[in-house]
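Per UniProt numbering, residue 1 is the first one in the sequence shown, and the count goes up by one each step. For each residue, glycine too, the CB sits at the ideal point set by N, CA and C. Notes follow the structure.
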Amino acid sequence: IPMMAGNCCFFAIGYFLTGQPAELERFLGYGLVVLLMGWFAQIYGICSGCVFSIEIGTFLMPSSLLPMLLFGGFFIRFDELSVALKPLVYTSPFGYAFKAIGQALYGNNRTDVGCSEGGECFYTSGEDILKMLDMENVSYWNEVSGLGIIIVVLHVILFICLLIKVK
1 IPMMAGNCCF FAIGYFLTGQ PAELERFLGY GLVVLLMGWF AQIYGICSGC VFSIEIGTFL
61 MPSSLLPMLL FGGFFIRFDE LSVALKPLVY TSPFGYAFKA IGQALYGNNR TDVGCSEGGE
121 CFYTSGEDIL KMLDMENVSY WNEVSGLGII IVVLHVILFI CLLIKVK
């Protein structure tokens, strides 16, 4: 519970500091993804503590997050990947979160992006930003569901690991 409370404080402050509109639907959509990612991080750490020793877990767990970040859509776009690597995109919780937050913040017909005065504005609407990120056909709830499935799978893995440890 303290971790989730910390996440709530972070996303509430971060949402408004980045100049997002004061719309309840966008705020709650963003907040749900942040809470799910906090839950993922917590269960991922607990799983690593159950499976590995402290020495191995300290090295292996951060290293195991790198492929998830790489295939999350930040660095390599889906259409730039080879056919053999495309299935790895669906194992990345960061990819699900990235797309869901993109949809929560810029989807649902967001018109005003809030360009600064006197400067050039390359993206005038949320649709322009989503098109640039190749997210115009992404469904928010599909991405949240994918993130939820990863969390459930990690819980099952943790349960199995704990059963093995107890025996």
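For this session: Identify, in the order they occur along the chain, each residue of the same chain with its Cβ nearer than 7 Å to the Cβ of Leu133, setting aside the five sequence neighbours on each side.
Result: Gly102
Problem set entry | Straight-line Cα distance separating Asn108 from Phe27 | 13 Å
Exercise. Along the chain, where does the alpha helix (DSSP H) that runs through Ala5 open and close?
Worked result: Pro2 to Leu17
Exercise. Between the region 6 to 20 and the region 74 to 81, are three or more C-beta pairs nearer than 8 Å?
Worked result: no
Exercise. Is Val156 helix, strand or coil by DSSP?
Worked result: helix
Problem set entry | Pairwise C-alpha distance: Leu88 and Ala5 | 32 Å
Problem set entry | Buried or exposed (CB count within 10 angstroms, at least 16 for buried), Pro2 | exposed
Problem set entry | Contact belief for Lys167 with Cys50 at Cβ below 8 Å, rounded distance in angstroms | The Cβ separation is near 14 Å, so there is no contact.
For this session: Can you give me the start and stop residues for the alpha helix (DSSP H) that Gly44 sits inside?
Result: Before going on, a small fix: residue 44 reads as Tyr here, not Gly. Here the alpha helix (DSSP H) through Tyr44 covers Leu24 to Val51.
For this session: Report buried or exposed for Phe39, applying the criterion of at least 16 other Cβ atoms within 10 angstroms of its Cβ.
Result: The question names Phe, but residue 39 in the sequence shown is Trp. The residue in question, Trp39, is buried, as its Cβ has 16 or more Cβ neighbours within 10 Å.
Problem set entry | Gly36 vs Val144 beta-carbon contact at 8 Å | Note that residue 36 is Leu in the sequence shown here, rather than Gly. Yes, Cβ-Cβ distance for Leu36 and Val144 is below 8 Å.
Problem set entry | Beta carbon of Tyr106 nearer than 8 Å to that of Gly126 | yes
Exercise. Between the beta-carbon of Ala100 and the beta-carbon of Leu66, is there less than 8 Å?
Worked result: no
Problem set entry | Neighbour-count burial assignment, Ile149, 16 or more Cβ in a 10 Å radius | exposed
For this session: For Gly73, count neighbouring Cβ atoms within 10 angstroms of its own Cβ and tell me buried if that reaches 16, exposed if not.
Result: buried
For this session: Check whether the Cβ atoms of Leu163 and Cys47 sit closer than 8 Å, and answer yes or no.
Result: no
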